[in-house]
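Enquirer: Residue numbers (the UniProt record's numbering): 1 to 183.
Every residue, glycine too, gets a C-beta built ideally from N, C-alpha and C.
Below you can see the structure in the form of structure tokens.
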């Protein structure tokens with residue numbers, strides 16, 4: 001697990017007006033040599049930690065915070081997908097967009113991708129599961145590597161089943177269809 005050095009920064013203002021203290025450290029785990037997942041970035045110090053880890057691309061699943069201003073002029077390539085933490089309705093289109101962005105990023109061998117949500121426990125593990133499955137990992141292998149990296153990850157059966165239902169179309173690039181329930 002990587003963490004930012006302890007530094008005081010201004011508070012972080014979420015899109016709903018909630019204020020968070022700014023001195024928190026980004027926490028992330030590597031699942032493969034080129035794929036990491038975790039929680040909110042939120043501060044310039046945390047951006048520096050990601051850059052030091054040679055992360056080049058960021059998939060932000062937070063509906064609560066847009067990383068665009070934070071990552072401006074850093075060289076990190078961002079895709080903000082704004083997925084509700086409830087995963088309702090199931091974010092099929094966002095899943096397809098994440099897969100396209102991830103595949104594009106990995107076209108260059110030096111690129112590394114960070115997938116994150118607010119706490120790194122719900123949305124990011126599910127999306128990482130989908131990315132690993134699209135790469136050819138087995139269901140069991142993907143779940144195991146995620147649980148090993150983050151034992152608190154929420155991988156709900158209904159959400160995993162929704163991913164499995166969508167995966168053939170996503171991998172073949174045929175698009176998505178609405179899936180209404182994921183728990």
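#1: Tell me whether residue 139 is buried or exposed, calling it buried when 16 or more other Cβ atoms sit within 10 Å of its Cβ.
#2: Let me know the beta strand (DSSP E) ranges lying completely inside the UniProt domain "Tyrosine specific protein phosphatases" (93–161), each 3 residues or longer, listed in chain order.
#3: Starting from the Cα of residue 26, find the closest Cα among 35, 33, 44 and 18 and give me that residue.
#4: Shorter than 7 Å from the beta carbon of residue 129 to some beta carbon of chain D?
#5: Would a C-beta distance cut-off of 7 Å place residue 18 and residue 47 closer than the cut-off?
#6: Going straight from the alpha carbon of residue 109 to that of residue 64, what length do you get?
#7: Thinking C-beta only, is residue 166 closer than 7 Å to residue 98?
#8: Since residue 36 is in the beta strand (DSSP E), which residue starts that stretch and which ends it?
#9: If you run the structure through DSSP and keep just helix, strand and coil, what is residue 169?
#10: By how many angstroms is the C-alpha of residue 122 removed from the C-alpha of residue 184?
Expert: Concretely, from the data shown:
#1: The count along the chain shown starts at 1 and reaches residue 139 at position 139. Exposed, because fewer than 16 other Cβ atoms sit within 10 Å of the Cβ of residue 139.
#2: 113–116
#3: Start at 1 with the first residue of the chain shown, and residue 26 comes out as number 26. Comparing Cα-Cα distances from residue 26 to each of 35, 33, 44 and 18, the minimum goes to 44.
#4: In summary, chain D is missing from the structure at hand, where a single protein chain is found.
#5: The sequence position of residue 18 within the chain shown is 18, counting from 1. The sequence position of residue 47 within the chain shown is 47, counting from 1. In this structure, residue 47 does not lie closer than 7 Å to residue 18 by Cβ.
#6: In the chain shown, residue 109 corresponds to position 109, counting from 1. In the chain shown, residue 64 corresponds to position 64, counting from 1. For residue 109 and residue 64, the distance between alpha carbons rounds to 31 Å.
#7: Within the chain shown, the letter at position 98 stands for residue 98. Within the chain shown, the letter at position 166 stands for residue 166. No, the Cβ-Cβ distance between residue 98 and residue 166 is not below 7 Å.
#8: Start at 1 with the first residue of the chain shown, and residue 36 comes out as number 36. Residues 35–38.
#9: Position 169 of the chain shown holds residue 169. It is helical.
#10: Any question about residue 184 goes unanswered here, given that the chain covers just 1 to 183.
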